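See structure below.
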Ligand SMILES: *[C@@H]1O[C@H](CO)[C@@H](O)[C@H](O)[C@H]1NC(C)=O
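In this note's numbering, the protein residues as written are 3 to 345.
Okay, structure coming up:
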């Protein structure tokens, strides 16, 4: 299983990405045409300016990204001001109208729809997106390409021992009744081929061979069938497949190969119960600077500096209605970085 060869390098990245954010950065996709507009125009037109909107007239992104106290306090104040929200909010009607002419919309929003480098052209990525509006990239496309290449054909996803308090999810038969999932008081038969069930999440970075196994391997087919009446199968299915012998890029089932979501590169998330002050022996990450929704941190501008030090490709959750400055400054940072990488 050597995937490094040019042309066979398509890694599949299955992630929820942000749709509908105010200033969305589109990651590069396959170039389909040989026409390269940069020959005529250069890259200047892809830079964000004041005319593109956004709150930078009233906040300073570079100061925020460097974690400067004064700038963060100001950002926090803005994020709770009604007038500010009003001034940066883009209504759905705008998008409905503006996207009538797709080509014009793509140009006016400055989407990057061609590779910025040969290195990226040689390593096209595939994404499976679940339509959602809250996880944003933390890396440029070039950085993502380099991180994926450094995996050397391996996959990167959470896959660890299932905690006792979650085992009911896979040991009881579940059914959806009136739109709600519930146990029916019947024990489930053991998994096919006695596959050990591991715990993970639905954000994964996997190679093409892994996806082929999902579609074609009879063991995986049986597992998917078996999982249909379990609770939240996406939180164990990918993690379990990652430990099936012979699946490309997988690791052995031995617990020494367990991988946590912090060590996997797919997605960064802050759970409230893992937060704590620096120097704490229990904490996994610093406290959330935004607010919590179902015990998950919705990032504030104050989280950015720390987030950009992490190796994860994407992060959730963001919410432009709670703190638009966090997404705005992140998007601006990525765009500047992507264009700076050209030179
Ligand atoms: C924004 O912050 C940076 C970093 O502190 C500083 O160098 C720069 O002068 C500031 N820009 C403005 C417009 O205040």
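The beta-carbon is built from N, C-alpha and C at its ideal position, and this holds for glycine as well.
Fair warning: this is a prediction, and the values are worked out from it, not measured in the lab.
* Relative to the alpha-carbon of residue 352, which residue among 337, 334 and 324 has its alpha-carbon at the smallest distance? -> The requested residue 352 is not part of the displayed model; the chain covers only 3 to 345.
* Three or more beta-carbon pairs under 8 Å between the stretch 325-344 and the stretch 295-313, yes or no? -> Taking 8 Å as the limit for Cβ pairs, the verdict is that the stretch 295-313 does touch the stretch 325-344.
* Roughly how many angstroms lie between the CA atoms of residue 213 and residue 129, to the nearest whole one? -> Our two residues, residue 213 and residue 129, have alpha carbons roughly 12 Å apart in a direct line.
* **Per-residue DSSP class, three states only, for residue 68** => Residue 68 falls in the coil class under three-state DSSP.
* Which same chain residues, not among the five before or five after residue 289, have their C-beta less than 8 Å away from its C-beta? -> Counting only Cβ-Cβ distances below 8 Å, and skipping sequence neighbours, we find 277, 278 and 279.
* DSSP three-state assignment for residue 273, whether helix, strand or coil -> In this structure, residue 273 counts as strand in the three-state DSSP scheme.
* Taking only runs that begin and end inside the stretch 138-175, name each unbroken alpha helix (DSSP H) of 4 or more residues, in chain order. => You should have 143-152 and 170-173.
* **Alpha carbon of residue 304 to alpha carbon of residue 55, nearest angstrom** => Distance between the alpha carbons of residue 304 and residue 55: 21 Å.
* May I ask which residues mark the beginning and end of the beta strand (DSSP E) holding residue 61? => First-last for residue 61: undefined, no H or E at that position.
* **Closer than 7 Å: residue 68 CB and nearest ligand 1 heavy atom** => Under cutoff, so the answer is yes.
* Taking the Cβ atom as the reference point for each residue, do residue 157 and residue 207 lie within a distance shorter than 8 Å? -> Yes, the Cβ-Cβ distance between residue 157 and residue 207 is below 8 Å.
* To do: With a cut-off of 5 Å, give the chain-ordered residues whose Cβ is closer than this to any heavy atom of ligand 1.
  => For ligand 1, the selected residues are 62, 64 and 65.
* Report the rounded CA-to-CA distance for residue 200 versus residue 47, giving the unit in angstroms. => Straight-line Cα distance between these residues: approximately 47 Å.
* Should residue 35 go down as buried or exposed, given a rule of 16 or more other Cβ atoms within 10 Å for buried? -> In this prediction, residue 35 has a pLDDT of 48, which is less than 50 and means its spatial position is unreliable; nothing more can be read from the coordinates.
* To do: Along the beta strand (DSSP E) that carries residue 48, what are the first and last residues, could you check?
  => Per DSSP, residue 48 lies in no beta strand (DSSP E) and is assigned neither H nor E.
* Asked: How do the stretch 159-169 and the stretch 247-262 stand: do at least 3 beta-carbon pairs fall below 8 Å, yes or no?
  -> At 8 Å Cβ cutoff, the stretches touch.
* Can you tell me whether DSSP reads residue 213 as helix, strand or coil? -> The answer is helix: DSSP assigns residue 213 an H, G or I state.
* So, residue 195 versus residue 224, is the Cβ gap smaller than 8 Å? -> In this structure, residue 224 lies closer than 8 Å to residue 195 by Cβ.
* To do: Counting only runs of 3+ residues fully inside the stretch 268-324, write out the beta strand (DSSP E) ranges in chain order.
  => For the stretch 268-324, the full-length beta strand (DSSP E) segments reaching 3 residues or more read 293-295, 298-300 and 316-318 along the chain.
* **Rounded separation between residue 286 and residue 222 - CA only** => Spanning the two alpha carbons is a distance of roughly 33 Å.
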